[in-house]
Structures are given as structure tokens and as C-alpha cells.
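Under the UniProt record's numbering, the first residue of the sequence shown is numbered 6, with each subsequent residue one higher.
Encoded as C-alpha cells, the structure appears first; notes follow it.
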Amino acid sequence: HKAKMILDKSFKISEINPKIYGSFIEQLGRAVYGGIYEPTHATADEHGFRKDVIELVKELQVPIIRYPGGNMVSAYNWEDGVGPIELRPKRLDLAWSSLETNEVGTNEFATWAKKVNAEVMMAVNLGTRGIDAARNLVEYCNHPGGTYWSDLRKEHGFEDPHQIKVWCLGNEMDGPWQIGMKTAYEYGRLAAETAKAMKLVDPSIELVSCGSSGSGMATFPEWEAETLEHTYEYADYISLHQYYGNKENDTANYLASTLDMDNFIKTVIATCDYMKAKKRSKKTMYLSFDEWNVWFHSNDQDKKVEPWSTAPPLLEDIYTFEDALLVGSMLNTLLKHSDRVKMACMAQLVNVIAPIMTETGGGIWKQTIFYPYYYTSVYGRGTALHSIVDSPKYDSKDFTDVPYLDQSVVYNEEKDELVIFAVNRHLENPLVVDVDIRSFDGYQLVEHIVLENDDPKAINTIGNEQVKPRNSNQSYIENGTLVAALPKLSWNMIRLG
Ligand code: AHR
């Protein structure tokens with residue numbers, strides 16, 4: 006099998022906003038307790054944070070992390086999570102039927118985020134609460150001092166404001182599972198008025214209006230159109246959420262899911278631009294794809310979890326090799342839309358549908374999906390380039406004309422580097438791609454990293470990583486053409502410089 010690709014420095018999509026490599030920590034399951042925070046752990050630092058987790062998060066170079074939810078935020082009282090820990094109330098977390106001790110809250114999370122070099126993307130509760138709680142939280146976090154809430158922060162030991170820039174106006178407010186779910190009209194009005202008040206407290210913040218919880222929602226994309234009618238003026242981004250799974254065990258169809266993701270993004274852009282025209286606005290709405298991943302492995306086992314336990318193992322998907330391929334493709338899709346997608350969060354980061362897994366009281370390991378996320382985050386910085394591609398295609402149960410080759414291309418001008426991320430979706434055959442690199446005269450092959458495995462269902466467990474990258478020596482440059490050899494069913498990063 007053969008494919009062709011043409012690349013040129015001047016075929017630019019956009020500068021890549023590093024925030025597309027964001028992630029998410031929800032107060033859910035073992036993400037916080039037993040994940041990032043475990044004061045009795047052998048590696049715990051002076052704040053009770055696991056240093057082994059900090060190290061792996063830093064490796065991923067995650068620029069922004071969404072917090073505290075997720076579904077959890079829609080019934081959360083942020084005041085429960087600040088002040089002396091011994092006075093914090095234990096609460097029923099209705100979203101996940103768990104017990105929330107509130108040992109970790111806003112200040113602790115801001116402290117942890119600094120340690121991993123990430124900024125916080127803070128979500129406010131628009132389920133059970135509204136304008137008042139949200140504007141108070143902005144004042145508590147961002148106001149320098151001399152007011153009730155900012156002075157309370159100082160009293161709690163945080164002299165300097167946290168300066169949280171990005172705020173989500175609620176979470177998945179279109180979802181029937183959401184506590185305080187709203188109609189598009191109800192949400193649009195509440196979000197707009199909340200946004201207004203939050204920006205009066207701190208005009209420098211950026212706001213994310215809730216889009217649909219997935220491309221499959223019955224109210225998509227009318228939800229976007231109707232809510233933006235109210236929030237367009239106040240919001241800077243609209244959110245997209247999407248999870249995929251291979252429930253039917255149809256790998257060819259599963260790996261084509263990014264065609265749906267691509268269409269989802271295009272439809273949201275079209276809806277935003279329709280609203281821009283309708284409002285005679287000069288402002289362009291950007292997209293925050295602030296929940297994306299594979300999620301399905303843990304669905305059944307989660308139904309058996311004892312309710313009202315503290316930090317139960319929830320959403321602990323153990324990822325397979327084929328999941329890593331789809332995650333690689335999802336990252337490619339974000340990069341191909343980097344002119345409008347300016348932020349994105351892999352959901353989530355530790356233990357809960359996560360690239361990083363820990364044992365409470367024990368060790369740590371990298372899931373299969375860690376690798377495409379790691380390489381794309383670390384090397385996918387600079388300018389995203391268009392690629393003109395001619396690839397053989399296939400049809401699957403839900404999709405037609407699925408290219409076997411899925412790719413994204415990044416030109417890092419600063420480092421004088423060209424990076425190609427490529428998935429070969431073919432289950433049996435390798436794919437040889439002839440890449441015309443005309444404007445990259447004199448570039449040499451620096452490395453070809455490949456993730457491959459004979460078993461699509463191979464997994465990583467503690468101490469036994471079946472799925473990990475290796476170097477390939479199968480690709481080469483000849484007469485201005487890169488000949489890229491992609492093994493069957495593989496994810497690849499080819500770096501030239
Ligand atoms: O990330 C897990 C959950 O998925 C989040 O809490 C929610 O926003 C989404 O439905």
C-alpha cells in the first residue's frame with residue numbers, strides 16, 4: 006500500500022496554541038485522593054502531593070488543567086474546599102455517588118498546578134448555583150486584596166492571587182445526567198449573566214460557554230446556536246466534549262471515529278460563524294475541546310462500586326494498543342483545526358480515564374495512551390501545516406472513504422524542525438508514504454518513533470509495559486522525498502531537522 010503527501014512551509018493552518026495539550030483533573034474516583042494527593046505516600050511532598058505523579062505530569066508538558074469538574078462541579082460548593090482542613094464539611098458527591106472529604110480544594114489545586122507548571126482552567130457551578138457563587142470565587146481567586154473574599158484567601162494562607170485566567174461557565178449543561186441540567190434558553194441566559202458579573206470582577210479573564218456534551222446529543226447543534234445567542238458577547242470560547250469506545254469490537258470502524266470528531270468541530274465552527282454574522286459581530290468565537298478521550302472499558306465495573314465511599318476506583322479504563330492509535334488520531338484532528346481549536350483537555354490525567362495510573366500506596370505506570378499524548382505535546386509545537394494527501398481508503402460500518410493514513414504536520418520554526426504524526430489504520434498492511442518535502446531543503450531524518458503491536462488489545466500494567474515506543478530505521482530521505490514506512494496498525498512520529 007502506498008500514499009502520497011505534499012508538504013510546504015507556506016501551507017500554514019495556524020500557530021498552535023500550546024493549550025491544546027491541556028488535561029483535566031476532576032474530584033472524582035482516585036484522580037485526586039490516591040492520585041495527585043496522598044500525604045501518606047512514600048513520595049509525598051510537604052503538601053501531601055505525590056512526587057512520582059508530579060514527575061510524570063511534568064514529562065507530558067501539560068500547559069493547562071481543568072478543575073474541579075466535570076459533573077462533580079454542578080453540585081459543588083467551592084467554599085467547602087477552602088480554609089482549615091479540619092473544619093471542611095464532608096459532602097455527598099451526587100454526580101458520582103461518592104463521599105467528598107474536601108481535603109483538597111481550590112488553594113491546594115492551585116498549589117499543585119504550579120508544581121507541574123500548568124495553569125488552572127477553573128469551572129464554576131451553574132447546576133445548583135449561579136451568579137453569586139461564581140463572582141465570589143473569581144474575587145477569592147483573583148482579586149489582590151482589601152475585600153471580603155480576597156482577604157479570606159489571604160487569611161487562608163494565600164497572600165498572592167491565583168490569577169486564574171480561563172473559566173468554564175458550568176459543565177455539560179445540556180446533559181440529562183447533569184445536576185441542574187438546563188434548556189438552551191435557561192443556560193444561555195444564566196451563563197451570560199454569570200459571565201457579565203465574573204468579568205466585572207476581573208475583566209482580564211477568559212470564559213468558556215458550554216457547548217454540547219457530544220456530537221450524538223439530540224440537541225446538537227441547536228444547543229450551540231441558541232446558547233450563543235445569549236453568550237456570544239461574553240464568552241471567548243465554546244466547549245466541545247467527546248468520548249469514543251470500541252464497544253462492538255470493530256477496530257476498523259473504531260479507528261475511523263475521528264471522522265466524526267472532525268465533523269463535530271466543523272459544525273461547531275459553522276454554528277459560531279453563523280452567530281457571528283447574525284450579530285454583525287467582529288469577534289471570532291474559538292473552540293475549547295475541553296473533554297476528549299477514549300472511555301468505555303470501565304462502564305460495567307463502575308456500576309458495581311459501593312455508593313458513598315471515599316475515592317473509590319471509578320472510570321479506571323485500562324487502555325489497549327488500539328486506544329493509543331485513536332488518541333493519536335484525535336490529537337491529529339485537533340492539530341488540523343488549530344486555527345479555531347485554541348484549547349483542549351485530554352480527559353482526564355490521573356487514574357480516571359487517564360494516561361497516568363497509580364496504586365494507592367504503591368507505584369505508578371504509563372498507560373498506552375500516554376505515548377501519543379507525550380510525543381504530540383512535546384514535539385507538536387509551532388505552526389500546524391496543511392498536508393495534501395492522497396491515501397487509499399476503506400469503508401466501515403459507520404463511515405465511508407476513511408483514509409488509511411491519518412496525519413498532522415507541525416513546523417517548528419524556532420527549532421528548524423518538521424514533525425509528522427501519522428497513524429496507519431490498516432489492520433494488515435504496512436503503508437509507504439512518499440512525502441514531497443520541497444521547501445525543507447537539506448532537512449535530515451532525526452528520528453522515526455513508532456508505536457506498534459501485533460495485538461490490538463495489548464495493555465500496560467504496573468511493571469509490564471507491553472505497549473511502548475521504539476525507534477524505526479525503515480524511513481529515509483531520497484531526492485527531496487521522505488519515504489515514510491508505517492507498519493500495519495501503528496502510530497508514528499517522524500522528525501526532520
Ligand atoms: O470526564 C468524565 C465525565 O465526562 C465528566 O465528569 C463529565 O463532564 C463528562 O460527562
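Built from N, CA and C at the ideal position, the CB exists for glycine as well.
- In its own chain, which residues sit with a C-beta less than 6 Å from the C-beta of Ala171, not counting the 5 before and 5 after it? Start at 1 with the first residue of the sequence shown, and residue 171 comes out as number 166. Here the sequence assigns Val to residue 171, which means Ala is not the residue at that position. For Val171, where only same-chain residues beyond five positions count, the Cβ hits under 6 Å are Met126 and Glu211.
- Item | Environment of residue 5 [buried if 16+ CB atoms lie within 10 Å] | Lying outside 6 to 502, the shown extent of the chain, residue 5 is not represented and no answer is given.
- Task: Would you mind reading off the limits of the alpha helix (DSSP H) that contains Met266?
- Result: Along the sequence shown, one-based indexing puts residue 266 at 261. Note, Met266: alpha helix (DSSP H), Ser262 to Lys283.
- Message: Quick test of the definition: if touching needs 3 or more C-beta pairs under 8 Å, does the segment 455-469 touch the segment 361-377?
- Response: yes
- Query: Unbroken alpha helix (DSSP H) runs of length 4 or more, entirely within the segment 340-384: which are they?
  - Reply: 375-384
- Query: Who are the Cβ neighbours of His46 in its own chain at under 7 Å, not counting the five residues just before and after it?
  - Reply: Walking along the sequence shown from the start, residue 46 turns up at place 41. Excluding sequence neighbours, His46 sits near Arg55 and Gly366.
- Task: State the Cα-Cα distance for the pair Lys120 and Thr338, rounded to the nearest angstrom.
- Result: Here the question's residue 120 lines up with position 115 in the sequence shown. Here the question's residue 338 lines up with position 333 in the sequence shown. Answer to the nearest angstrom: the Cα atoms are 30 Å apart.
- Message: Once DSSP output is grouped into helix, strand and coil, what is the label at Ile499?
- Response: Translated into the one-based positions of the sequence shown, residue 499 becomes position 494. Three-state result, Ile499: strand.
- Message: Below 7 Å, is the gap between the Cβ of Glu234 and the nearest heavy atom of the ligand AHR?
- Response: Sequence index remark: in the sequence shown, residue 234 carries index 229 (1-based). No, the beta carbon of Glu234 sits no closer than 7 Å to any heavy atom of the ligand AHR.
- Message: Counting beta carbon pairs with one atom in the segment 415-429 and one in the segment 476-486, are three or more of them shorter than 8 Å?
- Response: no
- Item | Through-space distance from Lys7 to Ile270, alpha-carbon basis | For the purposes of this step, residue 270 is taken as the residue at position 265 of the sequence shown. For the purposes of this step, residue 7 is taken as the residue at position 2 of the sequence shown. If I take the Cα positions, the gap works out to 29 Å.
- Message: Please give the ranges of any beta strand (DSSP E) in the segment 24-105, keeping only runs that are unbroken, at least 3 residues long and fully inside the region.
- Response: 27-29, 69-72, 96-98 and 103-105
- Task: Run the proximity test for Glu31: is its beta-carbon closer than 7 Å to any non-hydrogen atom belonging to the ligand FMN?
- Result: For the structure depicted, the ligand FMN is absent and the ligand set comprises only the ligand AHR.
- Message: Contact criterion: CB-CB distance below 8 Å. Does Glu51 meet it with respect to chain D?
- Response: Of the protein chains in the structure, only one exists, and it is not chain D.
- Query: Apart from the five residues just before and just after Glu31, which ones in its own chain have a Cβ nearer than 7 Å to its Cβ?
  - Reply: What you label residue 31 is simply residue 26 of the sequence shown in a count that begins at 1. Answer for Glu31: Pro73, Gly74, Gly75, Met77, Gln353 and Val357, listed in chain order.
- Item | Contained beta strand (DSSP E) runs [length at least 3] in the segment 406-448, N- to C-terminal order | 410-417, 422-429 and 436-441
- Task: Please name the residue in Lys347, Val62, Gly180 and Ala490 whose C-alpha comes closest to that of Val437.
- Result: As a working note, residue 437 is residue 432 in the sequence shown. For Val437, the nearest C-alpha among the options comes from Ala490.
- Taking DSSP as the reference, what is the three-state secondary structure of Arg140? By 1-based counting over the sequence shown, the position of residue 140 is 135. Helix.
- Message: Any heavy atom of the ligand AHR inside 7 Å of the beta-carbon of Leu320?
- Response: In the sequence shown, the residue the question calls residue 320 occupies position 315. The answer is yes for Leu320.
- Would you grab the beta carbon distance between Cys146 and Asn176 for me? Rounded to a whole angstrom, and I think it's under 8 Å. Within the sequence shown, numbered from 1, the residue matching residue 146 stands at position 141. Within the sequence shown, numbered from 1, the residue matching residue 176 stands at position 171. Cys146 to Asn176, Cβ: 18 Å. No contact.
- What residue does the beta strand (DSSP E) around Thr388 start on, and which one ends it? On the sequence shown, position 383 is the one that residue 388 refers to. Thr388 to Leu390 is the span of the beta strand (DSSP E), which, as asked, contains Thr388.
- Grab the span of the alpha helix (DSSP H) containing Phe114 for me, first residue to last. To locate residue 114, count along the sequence shown from 1; it is residue 109. Element bounds for Phe114: Thr111 to Lys120.
- Tell me whether the beta-carbon of Met335 lies closer than 8 Å to the beta-carbon of Met266. As a working mapping, residue 335 is identified with position 330 in the sequence shown. As a working mapping, residue 266 is identified with position 261 in the sequence shown. Cβ distance < 8 Å, so Met335 and Met266 count as in contact.
- Query: DSSP puts Arg158 in a beta bridge; with which residues?
  - Reply: Within the sequence shown, residue 158 is the residue found at index 153, counting from 1. According to DSSP, Arg158 bridges with nothing at all.
- Message: Cutting at 6 Å between CB atoms, please list the residues of its own chain near Asp406, excluding the five before and the five after it.
- Response: Taking the first residue of the sequence shown as 1, we reach residue 406 at position 401. Lys398.
- Query: In the segment 199-237, which residue ranges form an unbroken alpha helix (DSSP H) of at least 4 residues, counting only runs that do not cross its ends?
  - Reply: 227-236
- Message: Given this structure, state the Cα-to-Cα distance separating Thr224 from Glu234, to the nearest angstrom.
- Response: Locating residue 224 in the sequence shown gives position 219, counting from the first residue. Locating residue 234 in the sequence shown gives position 229, counting from the first residue. If you take the alpha carbons of Thr224 and Glu234, they lie about 15 Å apart.
- Query: Below 8 Å between beta carbons: does that hold for Lys9 and Asp305?
  - Reply: Sequence index remark: in the sequence shown, residue 9 carries index 4 (1-based). Sequence index remark: in the sequence shown, residue 305 carries index 300 (1-based). No, the Cβ-Cβ distance between Lys9 and Asp305 is not below 8 Å.
- So, are the CB atoms of Leu456 and Trp496 less than 8 Å apart? By one-based count along the sequence shown, residue 456 stands at place 451. By one-based count along the sequence shown, residue 496 stands at place 491. Yes. Within cutoff.
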